[in-house]
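Colleague:
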Amino acid sequence: MSSTVEAAEEATPVPSRRAAELAALHPQRATLELAWPGIVENFVAFSGQAAIFAFVGQLGAVATSAVGAAFQFSFLLFPIWRSLAIGTIAHVSRRMGEGRPHLAADVTRQSLLVGAIAGLGVGSTFIVFAAPLLRLLGASEDVVATGTPILAVIGAGSVFQTVWFIGVSAVRAAGDSRTPMWLAVASAALSVPLAYLFIDVVRVGPIGAAYAVVLDGAVICALVVAVLWRGSADLRLGDGSWRLDRATVRSIFAISLPSAAESAMFSFGILALSGFAFRLGTAPGAAHQIVNQVESLSFLPCIAFSGAASALVGQALGMGDPQRATRSGWIAVRMAVLWSTTAGIAFMVVPQLLLGVFTNDERVVQAGVGALAIVGIAQPAQALIFTLGGALRGAGDTR
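Sequential numbering of the sequence shown, starting at -10, is according to this note's numbering.
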């Protein structure tokens, strides 16, 4: 059966239905078609995170620092998520543009398997070495004591977050950015009430944020797998083998590994900055975590434009249209820079208002004002880097 499908795809290398629909649109319209659900998705995710941090923020600076420090270690998973997602996006978008959804599904299955194995491995490290990792970050002993069980819980749920991230990346690469949006809505609708329940009703303390995130991750991970199993934008996982295939994994790693090195440097840089902030004291450490949350208002939409650029560039190249691929990439860049410039101005003009959403501790707000203004200056350049990188990765260039 598999060989019959592959032979048919070889004989008729026409784009998938969704790829053909996007190709019929002007590149600007196609970019918006893919990006706007991603922007909504990321804002919904941001709102959910903001609500959870707001619940934690009412518990004081130590609780905010502990939750922020523990969640910072998600950045150690980020190279795994991002590199496997990039390899998946490059392969899936190209194969869908060529009209070979069967091969796109093979790549997606292998990425999910490798991601699950990696998520289990890194998560186990968080569970076993939670306290030493927090001390390595420079957190004070009261923050370490509060944050150790939080990091252990996050580690237990790492596999869910990893599979979720890779799965929705494959769906977007196939040209469906609305399903990830609705999954994000479902996630926020679940995680925020859970956090409120654990923190404000049951009163388990800041660890309630970790319980909420992990339970939410397990549910959404199951939904992502179910969506892919049944099929989304002609990408369907239910018909093939789930055994690891060395050749397919190598083809994913050929694109993913250079990106993993890039992502690892980024992640360790973020952790190093957090370490510097924590060494300045609890209030500056908490302020650093909140500044990161506010900055999400700028870079999360850029992630949506980057994802749109990756999908459209890969699909256009799969159809043999490099000119359209180039136009699609630059259109996404312009949109992202416009958004981030606007957000950066807001960071510089009303920093106290934005920081005050997350905490009522005036020491934390004052510690974050200058940092947020400096972050605002960097937003246009960050948007350029994010989106151009997405376009290049869609073309399979991760070096």
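Positions of the beta carbon are idealized from the N, C-alpha and C atoms, including for glycine. Predicted, not measured: the structure shown is a model, and the values here were computed from it.
I'd like to check one pair, SER317 with ALA19: are the Cβ atoms closer than 8 Å?
Modeller: Yes, they are a contact pair.
Colleague: If you check the beta carbons only, do ILE75 and SER245 fall under 8 Å apart?
Modeller: For ILE75 and SER245, yes; Cβs fall inside 8 Å.
Colleague: Where are the alpha helix (DSSP H) runs, 4 residues long or more, that stay fully inside the stretch 146 to 176, in chain order?
Modeller: Counting only runs of 4 or more, we get 147 to 162.
Colleague: VAL56: which of PHE347, VAL160, ALA198 sits nearest, CA to CA?
Modeller: Checking every option, the nearest Cα to that of VAL56 belongs to ALA198.
Colleague: Alpha carbon to alpha carbon, how far is THR330 from THR77? Give it in angstroms, no decimals.
Modeller: Taking the straight line joining both Cα atoms gives about 30 Å.
Colleague: Comparing alpha-carbon positions, which option in ILE292, SER230, LEU342 lies nearest ALA325?
Modeller: When only C-alpha atoms are compared, the closest one is ILE292.
Colleague: Could you pull out every unbroken alpha helix (DSSP H) segment of at least 4 residues lying fully inside the stretch 179 to 227, listed in chain order?
Modeller: Listed in chain order, the complete alpha helix (DSSP H) runs (minimum 4 residues) inside the stretch 179 to 227 are 196 to 219.
Colleague: For HIS277, is the classification buried or exposed, using 16 other Cβ atoms within 10 angstroms of its Cβ as the cut-off for buried?
Modeller: It counts as buried.
Colleague: Have a look at LEU126 and ALA120 and give me their C-alpha separation to the nearest angstrom.
Modeller: Roughly 10 Å between the two C-alpha positions.
Colleague: So, are the CB atoms of ILE155 and SER100 less than 8 Å apart?
Modeller: For ILE155 and SER100, yes; Cβs fall inside 8 Å.
Colleague: Less than 8 Å between the beta carbons of ARG124 and VAL111, yes or no?
Modeller: No. Outside cutoff.
Colleague: Confirm the yes/no value for this check: CB of ILE69, any heavy atom of the ligand MN, distance under 7 Å.
Modeller: Annotation note on the ligand MN: not contained in the displayed structure, which lists no ligands.
Colleague: Spatial neighbours of VAL103 within its chain, please: CB distance less than 8 Å, with the 5 preceding and 5 following residues excluded, ordered by chain position.
Modeller: So the list reads LEU73, LEU233, VAL238, ILE241, once near-sequence residues are dropped.
Colleague: Which residues in the same chain as ASN31 place their Cβ atom closer than 7 Å to its Cβ, once the five residues preceding and following it in sequence are excluded?
Modeller: Excluding positions up to five away in sequence, the list reads LEU289, PRO290, ILE292, ALA293.
Colleague: Taking the C-alpha atoms as reference points, what is the distance between LEU212 and VAL29?
Modeller: Looking at the two C-alpha atoms, the distance is approximately 19 Å.
Colleague: Here's a check: name, in chain order, each residue in its chain whose Cβ is nearer than 6 Å to the Cβ of PRO369, leaving out the five neighbours to either side.
Modeller: The residues are VAL326, SER329, THR330.
Colleague: Leaving out five residues on either side along the sequence, give the residues of the same chain with a beta carbon under 7 Å from the beta carbon of LEU172.
Modeller: Around LEU172: VAL157, ILE209, LEU212, VAL213.
Colleague: Quick check on the burial criterion: 16 or more other C-beta atoms within 10 angstroms. Buried or exposed for PRO26?
Modeller: Its Cβ being crowded by 16 or more others within 10 Å, PRO26 is buried.
Colleague: To the nearest angstrom, report how far apart ALA297 and LEU23 are at their CA atoms.
Modeller: Rounded to whole angstroms, ALA297 to LEU23 spans 5 Å at the Cα level.
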